[in-house]
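K.L.:
Just so we're aligned: 352 in the working numbering is position 327 of the sequence shown, and the numbers increase by one with no gaps anywhere.
By construction, the Cβ of each residue, glycine as well, lies at the ideal position given by its N, Cα and C atoms.
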Amino acid sequence: MQITINGRNIEAAEGSTILQTARREGIEIPTLCYLEGVNDIGSCRLCVVELSGSEELVPACNTKVKEGMVILTHSERVKAARRMVLNLLLSEHYGDCFSCEKNGDCELQKYCIEYGVETTEFTGARKEKNFKKKDAHPFLSYDPDRCIECQRCVKTCSHVTGRGAIWLGKTGMFSIIDAPFGEDWKNTLCESCGNCAQACPTGALTVKRRKAYRAWEVEKVRTTCPHCATGCQMDLVVKNGKIVDAVGADGPSNHGLLCVKGRSGSFDFVDSPERIRYPLIKNKATGEFERATWEEALSLTASKFTEIKNQYGGEALAGFACSRSANEDIYMLQKMVRTVFGSNNTDNCARV
Ligand code: FES
Numbered sequence: 026m027q028i029t030i031n032g033r034n035i036e037a038a039e040g041s042t043i044l045q046t047a048r049r050e051g052i053e054i055p056t057l058c059y060l061e062g063v064n065d066i067g068s069c070r071l072c073v074v075e076l077s078g079s080e081e082l083v084p085a086c087n088t089k090v091k092e093g094m095v096i097l098t099h100s101e102r103v104k105a106a107r108r109m110v111l112n113l114l115l116s117e118h119y120g121d122c123f124s125c126e127k128n129g130d131c132e133l134q135k136y137c138i139e140y141g142v143e144t145t146e147f148t149g150a151r152k153e154k155n156f157k158k159k160d161a162h163p164f165l166s167y168d169p170d171r172c173i174e175c176q177r178c179v180k181t182c183s184h185v186t187g188r189g190a191i192w193l194g195k196t197g198m199f200s201i202i203d204a205p206f207g208e209d210w211k212n213t214l215c216e217s218c219g220n221c222a223q224a225c226p227t228g229a230l231t232v233k234r235r236k237a238y239r240a241w242e243v244e245k246v247r248t249t250c251p252h253c254a255t256g257c258q259m260d261l262v263v264k265n266g267k268i269v270d271a272v273g274a275d276g277p278s279n280h281g282l283l284c285v286k287g288r289s290g291s292f293d294f295v296d297s298p299e300r301i302r303y304p305l306i307k308n309k310a311t312g313e314f315e316r317a318t319w320e321e322a323l324s325l326t327a328s329k330f331t332e333i334k335n336q337y338g339g340e341a342l343a344g345f346a347c348s349r350s351a352n353e354d355i356y357m358l359q360k361m362v363r364t365v366f367g368s369n370n371t372d373n374c375a376r377v
């Protein structure tokens, strides 16, 4: 169907939203509560746009296009409405940006800067409630004073990871995200995957490791998670040459998600002094392991395999692959066992 956005004639797909169509055409519309494919409840109203013939501004994130629609995404009326939304959100946002882990990486902060909203004109009511921070969880923490109740975390936990460990508690202006990070966190459905924190647009729900860095101090390095053969894509967050965090990236098998191992178990071991960083060969005379070159280690291994095969036959050998290896490496191992050893004794510890 044909629509017009900011004076441009655009062909839009039936069933698509104004936001999807605008983004496809490179027209940026600000969003906070919207998370593609996960949350389109339309609660924040930051994405409102003007429709000719309509008195109301409508949210672009969940309004479907109609034939002949004429849309303005950045009219003065729209910009004023967005400033008002940010103004109201700030009135209930008591966090201090300087001390916030998400400083420099906060979507609310980004839009406040973009729309020139530095302070709020309103007095929020939530402060009276004195909501407590939930901080007993080892990896995750929730600060209600920084929460905009967009429910991206709630939808991610229930609809994407399928746990349903987070929900919206209380009602009205005192509604609060009921995050399972209190003293009883072990008795909840939470698997500590942290996908909720990755979905949070502000510093409300955070991975505790973020305390150690700010967005402008780090670089991200795309890699594949080393913890199983699923092949989840992740970005390692690197500060001064050291890995300080891991975040899910959009890979074909994980679409931005990570499990608890991927997010919280991927880097502590990297700089461990106990890591073996080079081959070791046992000195027969002393019984001690001594540093060797790869050439020496591989030649020794190959000669031992050959000795065993010559003496007892290929069936005396077996190859057992690690489930953390990539599928391609595991395939190569079984190929070597079958063709070089001449044995079908091969397996993978993923089956144990
Ligand atoms: Fe559309 Fe929040 S992004 S209402």
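#1: Helix, strand or coil for A271 per DSSP?
#2: Determine the DSSP secondary structure at P84, reduced to helix, strand or coil.
#3: Relative to the C-alpha of D121, which candidate in E39, R234, S291 and G228 has its C-alpha closest?
#4: The ligand FES and Y59: does any heavy atom of the ligand fall closer than 7 Å to the residue's C-beta?
#5: Sort out for me which residues DSSP pairs M259 with in a bridge.
#6: For C347, count neighbouring Cβ atoms within 10 angstroms of its own Cβ and tell me buried if that reaches 16, exposed if not.
#7: Looking at C-alpha atoms only, which residue of L165, D160 and I201 is the closest neighbour of Q176?
#8: If you follow the alpha helix (DSSP H) that T326 is in, where does it begin and where does it stop?
#9: So what does DSSP say about D293, is it helix, strand or coil?
#10: Answer yes or no: the CB of R48 versus the heavy atoms of the ligand FES, is any distance below 7 Å?
#11: Look at the alpha carbon of L261 and the alpha carbon of G93, and state the distance between them as a whole number of angstroms.
#12: Hey, R102 and E75: beta-carbon distance below 8 Å or not?
#13: Do you know offhand how far L193's Cα is from A274's?
#14: Checking the sheet assignment: what are the DSSP bridge partners for D354?
#15: Return the CA-CA distance between H184 and G62, expressed in angstroms with no decimal places.
#16: Check whether the stretch 106–124 touches the stretch 232–247, taking contact to mean three or more Cβ pairs, one atom from each stretch, closer than 8 Å.
#17: Mind checking whether the beta-carbon of C253 lies closer than 7 Å to any heavy atom of the ligand FES?
#18: May I ask you to report which of helix, strand or coil DSSP gives F366?
#19: Along the beta strand (DSSP E) that carries E208, what are the first and last residues, could you check?
#20: State the Cα-Cα distance for the pair V90 and N64, rounded to the nearest angstrom.
#21: With DSSP collapsed to three states, give me the class of K307.
#22: DSSP on D203, reduced to helix/strand/coil?
P.N.:
The answer reads as follows:
#1: The answer is strand: DSSP assigns A271 an E or B state.
#2: The three-state reading of DSSP puts P84 in strand, counting E and B together.
#3: Selected option, being the one with the closest Cα: G228.
#4: Y59 has its Cβ nearer than 7 Å to a heavy atom of the ligand FES.
#5: Looking at the DSSP assignment, M259 forms a beta bridge with T248 and G273.
#6: Label assigned to C347: exposed.
#7: When each option's Cα is compared against that of Q176, the closest is I201.
#8: Looking at the DSSP string, the run of the alpha helix (DSSP H) that includes T326 is W319 to Y337.
#9: Looking at D293 - three-state DSSP - the assignment turns out to be helix.
#10: Checking the Cβ of R48 against the ligand FES gives no.
#11: Approximately 46 Å, taken between the alpha carbons.
#12: If you check the CB distance, R102 and E75 come in under 8 Å.
#13: Near 27 Å, if we compare the C-alpha coordinates of A274 and L193.
#14: Listed as beta-bridge partners of D354 by DSSP are no residues whatsoever.
#15: Computed Cα separation, rounded: 10 Å.
#16: Touching, no.
#17: No; taking the cut-off as 7 Å, the Cβ of C253 has no heavy atom of the ligand FES nearer than that.
#18: The answer is helix: DSSP assigns F366 an H, G or I state.
#19: Annotation for E208: no beta strand (DSSP E) segment contains it, and DSSP assigns it neither H nor E.
#20: Counting only the Cα atoms, N64 lies some 18 Å from V90.
#21: K307: strand per DSSP, three-state reduction.
#22: The answer is strand: DSSP assigns D203 an E or B state.
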